[in-house]
Each structure stands twice: as structure tokens, then as C-alpha cells.
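Residue numbers (our numbering): 2 to 327. Positions of the beta carbon are idealized from the N, C-alpha and C atoms, including for glycine. Note that the structure is a prediction, hence the values are computed from the model and not measured. In what follows, a structure is listed as C-alpha cells, so that the remarks can point back to it.
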């Protein structure tokens, strides 16, 4: 199985190539038919070949789904630098246990029994306003959606501003799930030049002029792969370019107020067009998958509808813990 996998990977066996029958390969290699059959079954399990009754086995590389990233358990004992994680100590787990104990005694009936987000989250949205003030935003409760973390928030935001076939601009080195997400949602992704201060405004202006950009996705506050912190002048320039070409801004800011001395959020410079994503997963504990998506009036209905069809609503009991902590 490994030899076939290497041959497929190296291009020696092309997509659609027909493999020898089990018996013929067994005879050629002087192995039992059962051994060859088990190898073919392993290749099918890996998604490298397909068996068709009466026709044989064929290489099927084009239909393979990529392996999920960031699975260090495959590698044994490693120091995992593949994904950014919060520093968690015993205190963090103890705080979460205490919160779950509190929840057992204080769970509102609406969080357990209601199917409707508007019946569950009015109080949570009001509390979210206070947290978003710490992030530098002045948001109204009706403009805030609770999401199951930043990934859900950015997905809903992109669905709301980038219809299939449209183009979204982003940093050339950017968010690790944005490329496959663009493929799954059917929009085009255009990577733009960056420098030590983040996305280059002139490059965004040029792309908007030539490519019909509908939105720009940015991570201006350290959470990006180069760990750069965009200064306030650059944020204002990005906002000005977006306003000039009337495109949406999606700002991913999952570290929120933990970044000391940071400039105002991009959303503060262009509140009328910025969909702002933040969450608690990377600043508290990974199991607290809850976040906020704050959007201007023009996108409230679109975000609400797309959140309903993709997630229905954030998990109410997790939202209770986050709201209590805030």
C-alpha cells in the first residue's frame, strides 16, 4: 500500500490509471491474494483508489479530500507548534469546573429549552456590548451575534459579504483555514503583498481597481502568521481604501484586549462596513468555544439568516459561562 501511495504521490500512477487485478499482482509479487486484497483495501481507506465491481481498481487522486491539518497525535511525542494555543494552567481548568458547577445551579430555562436565538441571547448581547468596548468597538446589542468561536464567526461573515464567484482579498500570508473555506463556499481568494506593518494599502487599492474585490479579510493584531501589529495609520488607510471602493472589511481579532497598547480596531475606522470577529477560545480555555460577530446595520439581516442555516445558534450553555465571566 505504501509503495502504491508513493507512486501516486510522485505522479508515476496518474489519476484514472487502472491497477492490476488482485490475482495478477499476487502472482507477480509471489504473495497471497489475501495480502494484495488487504493492501488495496488500505488504499481505498486512504482515498487513493476506488474499486469498481466488474471493472477493477483505479487511481482516484482528484477526488481526495485533504487530510485534516494539525493532528500531532500522528507523530507521537512532539512539541506542537502547528497551531496557536492559549497557555493553560491548573487554575484555568479549576475556573471552568467552578463555572460548570455554577451553571448546574443557575441554568436559565431559556438556555435549555428554547429553539429561538432571540429568546435566549438578549441578555448575552447586552453583556457583549461591554466586552466589545474593551476591544475598541461601540456596538449595539442588535448588531451582535453570538457564535461558536471565531471560525463560525468568520464563516458567517464571509457568507454574508462574498457570494459564490466573487473575490475576497487578504494578506498573502494569512489565516490557515481561509484557503479551503474559499474553495468550499465558492468565492475566489486573492493574496495581496504585506510588509512588517501588515497588508499594503496600495496593493488593496490596485486589486479593487482591477479585480472587482467584494471584501477584504484582515488579521491586524498579532494573531496573523507573522505576528505583526498593524499601526493606527495603516488601519486608517485600509479603512479608507475599503470606503473608496465600497467593499466590506472582515476583521479577525480573537485576542481582543489582551494585546497591550494596540491601536483601535479597524472597525473603529470603518464601522459602517466592518464585520468584526472575536472569541474567547484563545484567551481563556480551548473548550470555551464562544465568540462575538459585530456587524453594521447593512449586514444584520444577512448575518442572522446565514448563521441560522449554518449553525442555527451558538451553544446556549457555553454562552452562559462566557457571559458570566465577562
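Whether residue i touches residue j by CB criterion (8 Å)
i: residue 260; j: residue 230; result: yes
i: residue 285; j: residue 125; result: no
i: residue 33; j: residue 150; result: no
i: residue 183; j: residue 169; result: yes
i: residue 264; j: residue 236; result: yes
i: residue 172; j: residue 186; result: no
i: residue 300; j: residue 161; result: yes
i: residue 50; j: residue 58; result: yes
i: residue 327; j: residue 106; result: no
i: residue 104; j: residue 291; result: no
i: residue 276; j: residue 113; result: no
i: residue 44; j: residue 6; result: yes
i: residue 270; j: residue 240; result: yes
i: residue 1; j: residue 87; result: Outside the displayed span of the chain (2 to 327) sits residue 1, for which this structure offers no information.
i: residue 283; j: residue 20; result: no
i: residue 60; j: residue 102; result: no
Option nearest residue i by Cα separation, candidates the options
i: residue 246; options: 50, 290, 276, 209; result: 209
i: residue 312; options: 7, 148, 31; result: 148
i: residue 195; options: 214, 204, 5, 236; result: 204
i: residue 3; options: 40, 110, 310; result: 40
i: residue 56; options: 23, 306, 274; result: 23
i: residue 307; options: 262, 211, 164; result: 164
i: residue 268; options: 31, 136, 30; result: 136
i: residue 232; options: 214, 128, 262; result: 262
Any chain B beta carbon closer than 8 Å to residue i
i: residue 130; result: Included in the structure is just one protein chain, with no chain B present.
Secondary structure of residue i, DSSP reduced to three states
i: residue 279; result: strand
i: residue 205; result: helix
i: residue 219; result: strand
i: residue 19; result: strand
i: residue 252; result: strand
i: residue 189; result: strand
i: residue 37; result: helix
i: residue 83; result: coil
i: residue 50; result: strand
i: residue 169; result: strand
i: residue 59; result: strand
i: residue 199; result: strand
i: residue 324; result: helix
i: residue 214; result: strand
i: residue 257; result: helix
i: residue 239; result: helix
i: residue 138; result: coil
i: residue 115; result: coil
i: residue 292; result: strand
i: residue 108; result: coil
i: residue 32; result: coil
i: residue 1; result: A query on residue 1 cannot be resolved here, the shown segment of the chain reaching from 2 to 327 and no further.
i: residue 1; result: This structure cannot speak to residue 1, because the chain is shown only from 2 to 327.
Whole-Å CB distance - residue i paired with residue j, under 8 Å assumed
i: residue 216; j: residue 249; result: 4 Å
i: residue 62; j: residue 145; result: 44 Å between Cβ atoms; not a contact.
i: residue 318; j: residue 251; result: With a Cβ gap of about 28 Å, residue 318 and residue 251 do not count as contacting.
i: residue 220; j: residue 253; result: 5 Å
i: residue 120; j: residue 111; result: 6 Å
i: residue 206; j: residue 242; result: 5 Å
i: residue 122; j: residue 320; result: 7 Å
Taking contact to mean 3 or more Cβ pairs, one atom from each stretch, closer than 8 Å, check whether the stretch 224 to 240 and the stretch 173 to 187 are in contact. yes
Would you check if the stretch 292 to 301 and the stretch 126 to 140 touch, i.e. whether three or more CB-CB distances between them fall below 8 Å? yes
If you pair each beta-carbon of the stretch 299 to 316 with each one of the stretch 89 to 96, do three or more pairs fall below 8 Å? no
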